[in-house]
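Q: All residue numbers for the sequence shown refer to this note's numbering, where the first residue is 482 and numbers rise by one. All C-beta atoms in this analysis are idealised placements derived from N, C-alpha and C, irrespective of residue type, glycine included. Encoded as structure tokens, here's the structure I'll be asking about.
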Amino acid sequence: MHLKLLVTPGDGIGPEVTSEAVAVLQDVMQLGGHTLSIDQRDIGGVAIVRHKTPLPQDTLDAALSADGVLLGAVGGNEFNSLPPDQRPEAGLLKIRAALGGFANLRPAFAFKELAVNSPLRPEIVEGADILFVRELLGGLYFGAPREWNRATGESWNTMRYTRDEVARVARIAFQLAQKRRKKLTSVDKANVLEVSQLWRATVNEIAAEFPDVTVEHQYVDAMAMHLMNQPRNYDVVLTENLFGDILSDESAVITGSLGMLPSATIGGKVNLYEPVHGSAPDIAGKGLANPLGAILTGALILRHSAGLEAEAHAIETAVRKVLEAGFRTPDLARSNPQGYSVLSTTAMGSQVRETLHHILAVHS
Ligand code: NAD
Ligand code: IPM
Ligand code: MN
Numbered sequence: 482m483h484l485k486l487l488v489t490p491g492d493g494i495g496p497e498v499t500s501e502a503v504a505v506l507q508d509v510m511q512l513g514g515h516t517l518s519i520d521q522r523d524i525g526g527v528a529i530v531r532h533k534t535p536l537p538q539d540t541l542d543a544a545l546s547a548d549g550v551l552l553g554a555v556g557g558n559e560f561n562s563l564p565p566d567q568r569p570e571a572g573l574l575k576i577r578a579a580l581g582g583f584a585n586l587r588p589a590f591a592f593k594e595l596a597v598n599s600p601l602r603p604e605i606v607e608g609a610d611i612l613f614v615r616e617l618l619g620g621l622y623f624g625a626p627r628e629w630n631r632a633t634g635e636s637w638n639t640m641r642y643t644r645d646e647v648a649r650v651a652r653i654a655f656q657l658a659q660k661r662r663k664k665l666t667s668v669d670k671a672n673v674l675e676v677s678q679l680w681r682a683t684v685n686e687i688a689a690e691f692p693d694v695t696v697e698h699q700y701v702d703a704m705a706m707h708l709m710n711q712p713r714n715y716d717v718v719l720t721e722n723l724f725g726d727i728l729s730d731e732s733a734v735i736t737g738s739l740g741m742l743p744s745a746t747i748g749g750k751v752n753l754y755e756p757v758h759g760s761a762p763d764i765a766g767k768g769l770a771n772p773l774g775a776i777l778t779g780a781l782i783l784r785h786s787a788g789l790e791a792e793a794h795a796i797e798t799a800v801r802k803v804l805e806a807g808f809r810t811p812d813l814a815r816s817n818p819q820g821y822s823v824l825s826t827t828a829m830g831s832q833v834r835e836t837l838h839h840i841l842a843v844h845s
């Protein structure tokens with residue numbers, strides 16, 4: 482098969498981690514007898530500097546004609562004083578809206594080899610395997626009106642959802658739960674917010690179409706605690722946009738590092754793939770970034786945009802074997818650096834590729 486991928490590396494560690502993910506994808510496609518074409522464009526801060534806009538038209542055009550888009554990360558401290566609609570992050574929100582994917586899948590899988598690297602006790606995190614389904618095109622991020630009125634000293638954003646926006650993402654979450662452990666936890670703040678009452682009523686309505694899936698509702702504040710206390714309790718976790726942003730970063734603690742988390746956004750014209758982490762200005766340019774979240778995002782590209790399940794699985798297996806062999810980036814080795822072979826971003830990428838070659842050689 483032929484896959485046409487657009488890569489938008491973006492800012493900070495974005496280029497560092499996406500180049501490792503792309504190298505892995507190139508190898509896996511070639512070894513499997515497939516072809517991969519890569520186009521690369523600017524987005525975010527780098528696009529503001531080069532083209533005076535965080536989402537140039539040519540980037541958007543290339544995205545819309547690709548089979549999938551892999552985005553690194555956007556944002557940088559030098560842009561922090563800009564208003565939201567001119568910042569690097571605006572480019573990301575704009576490309577998300579244009580591609581139309583509304584269901585952002587954020588798996589938080591606790592590799593057993595990393596249980597001792599989590600700040601939580603190993604017996605709490607071992608076996609945790611959560612799939613967050615974060616609604617990505619609604620809520621506070623896109624609701625109008627929004628304003629900071631400097632004259633009156635007031636500002637507001639609007640958390641808005643329609644029934645149909647909730648129903649379509651809920652349906653995807655239920656379908657995914659059917660293929661997993663058949664449990665769905667919907668997160669809201671229905672004790673306070675009307676928009677959450679609509680959310681909960683709609684989830685209950687869609688639940689009737691999926692009688693084999695057990696549904697529970699949790700308030701977001703309690704959920705933030707339950708996730709840390711008993712992460713193994715959760716299978717699919719369905720949330721609105723902002724709650725999902727927060728809870729998915731929190732779940733990084735279960736996996737050992739924010740650098741481990743991949744994501745895929747589906748349901749629109751073209752799927753968008755991004756590691757969950759940001760541009761990490763504090764470690765950018767130093768070879769310290771963990772590329773595994775981006776590499777695992779590559780596995781999601783093969784699964785959701787190329788139908789290459791075996792190849793996707795091979796990438797995930799290679800990551801597990803590399804961890805099993807004691808290789809770590811610094812974010813995963815804080816507690817016991819002497820116990821591991823601590824690698825740079827590029828060395829970790831090479832290690833995954835080498836392992837992948839062994840796996841695919843055995844299978845061919
Ligand atoms: P961040 O995710 O960039 O970093 C949070 C912490 O996690 C930092 O200490 C960082 O060093 C660490 N970290 C993140 N990814 C890592 C990796 N792969 N390996 C090792 N350590 C890693 O969040 P932040 O610092 O709050 O935000 C920085 C910028 O990134 C902001 O401009 C923000 O808006 C942007 N951001 C962009 C995206 C995206 O483009 N998808 C996502 C989140 C944040
Ligand atoms: C993420 C990021 C983005 C979000 C920002 C950078 C717009 O935090 O992908 O998690 O809030 O969706
Ligand atoms: Mn986030």
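Taking the alpha carbon of Ala775 as the reference point, which residue from Thr639, Val606, Glu805, Val833 has its own alpha carbon closest?
A: With distances taken between Cα atoms, Ala775 lies closest to Val833.
Q: Since Leu484 sits in a beta bridge, which residues does DSSP pair it with?
A: Paired residue(s): Leu517.
Q: Where Asp548 and Asp508 are concerned, what is the direct C-alpha to C-alpha distance, given to the nearest angstrom?
A: Near 18 Å, if we compare the C-alpha coordinates of Asp508 and Asp548.
Q: What runs of the beta strand (DSSP E), each 3 residues or longer, lie entirely inside the segment 589-676?
A: Qualifying beta strand (DSSP E) stretches, in chain order: 610-616, 628-630, 635-637, 664-669.
Q: Kindly indicate the opening and closing residues of the beta strand (DSSP E) around Leu773.
A: That residue, Leu773, is in no beta strand (DSSP E); its alpha helix (DSSP H) goes 773-786.
Q: Would you mind stating whether Ala804 and Asn771 have Cβ atoms separated by less than 8 Å?
A: Checking the sequence shown, residue 804 turns out to be Leu, not Ala. No, the Cβ-Cβ distance between Leu804 and Asn771 is not below 8 Å.
Q: Quick one: grab the DSSP three-state call for Gly740.
A: Here Gly740 sits in helix by DSSP.
Q: In or out: Asp726 buried (at least 16 other Cβ within 10 Å) or exposed?
A: Asp726 should be labelled buried.
Q: DSSP three-state label for Ala765, please.
A: Correct three-state label for Ala765: coil.
Q: Using only CA atoms, which one of Pro564, Leu665, Pro600, Leu728 lies nearest to Arg631?
A: Closest option to Arg631, Cα to Cα, is Pro564.
Q: Taking Ile735 and Ser599 to be in contact with their CB atoms under 8 Å, please state how far apart those CB atoms are, rounded to whole angstroms.
A: Sure, about 6 Å apart at Cβ, within 8 Å.
Q: Can you tell me which residues form a DSSP beta bridge with Glu805?
A: According to DSSP, which records beta bridges pairwise, Glu805 is partnered with nothing at all.
Q: Helix, strand or coil, according to DSSP, for Asn722 in the structure here?
A: Three-state result, Asn722: helix.
Q: So is Trp680 buried or exposed if we call it buried at 16+ other beta carbons inside 10 Å?
A: So Trp680 ends up on the buried side.
Q: Taking contact to mean at least 3 C-beta pairs separated by less than 8 Å, is the segment 703-721 in contact with the segment 746-756?
A: No: the two stretches stay apart, fewer than three of their Cβ pairs being nearer than 8 Å.
Q: Under 7 Å: does the beta carbon of Thr810 sit that close to some heavy atom of the ligand NAD?
A: Flag set: Cβ of Thr810 near the ligand NAD.
Q: Could you compute how far the alpha carbon of Gly820 sits from the alpha carbon of Gly807?
A: Going from the Cα of Gly820 to the Cα of Gly807 covers about 8 Å.
Q: DSSP on Asn561, reduced to helix/strand/coil?
A: Here Asn561 sits in coil by DSSP.
Q: Under 7 Å from any heavy atom of the ligand MN, by CB: list those residues in chain order, please.
A: This selection yields Asp726, Ser729, Asp730, Val757, Gly759.
Q: Identify, in the order they occur along the chain, each residue of the same chain with its Cβ nearer than 7 Å to the Cβ of Pro762, setting aside the five sequence neighbours on each side.
A: Closer than 7 Å at the Cβ level, and outside the excluded window around Pro762, lie Gly493, Gly557, Asn558.
Q: Can you give the beta carbon distance from Asp520 to Leu487, rounded, assuming they're within the 8 Å contact cut?
A: Yes, they are in contact, since the Cβ atoms of Asp520 and Leu487 sit about 5 Å apart, within 8 Å.
Q: Please report the straight-line C-alpha distance between Met640 and Val676, rounded to a whole angstrom.
A: Distance between the alpha carbons of Met640 and Val676: 7 Å.
Q: Pull up the CB-CB distance for Tyr715 and Thr666, whole angstroms please, since I reckon it's below 8 Å.
A: Indeed they touch by this definition, with Cβ atoms about 6 Å apart.
Q: Specify, as a first and last residue, the run of the beta strand (DSSP E) that Gln711 falls within.
A: Premise fails: Gln711 is in no beta strand (DSSP E) and is neither H nor E.
Q: Which first and last residues belong to the beta strand (DSSP E) in which His758 is found?
A: His758 -> no beta strand (DSSP E), and no H or E assigned at all.
Q: Could you compute how far the alpha carbon of Met482 sits from the alpha carbon of Arg784?
A: Answer to the nearest angstrom: the Cα atoms are 13 Å apart.
Q: Please confirm whether Gly582 and Asn722 have their CB atoms less than 8 Å apart.
A: Their beta carbons are not under 8 Å apart, which means Gly582 does not touch Asn722 by this criterion.
Q: Indicate the three-state DSSP secondary structure (helix, strand or coil) for Leu586 in the structure shown.
A: Strand, per DSSP.
Q: Excluding sequence positions up to five away, which residues of its chain have a Cβ less than 6 Å from the Cβ of Ala609?
A: Excluding sequence neighbours, Ala609 sits near Ala591, Pro712, Arg713, Ile735.
Q: Can you list, in chain order, the stretches of the beta strand (DSSP E) that have 3 or more residues and sit fully within the segment 494-558?
A: Fully enclosed beta strand (DSSP E) runs of 3 or longer: 516-521, 549-554.
Q: Roughly how many whole angstroms lie between the Cα atoms of Arg513 and Lys670?
A: The displayed chain sequence assigns Gly, not Arg, to residue 513. Going from the Cα of Gly513 to the Cα of Lys670 covers about 47 Å.
Q: Could you give the first and the last residue of the continuous alpha helix (DSSP H) run that contains Glu570?
A: Taken as a continuous stretch (DSSP letters only), the alpha helix (DSSP H) holding Glu570 covers 569-580.
Q: Measuring alpha carbon to alpha carbon, tell me which residue in Val823, Gly737, Leu837, Arg809 is nearest Val597.
A: Looking at the Cα atoms, Gly737 is the closest of the given residues.
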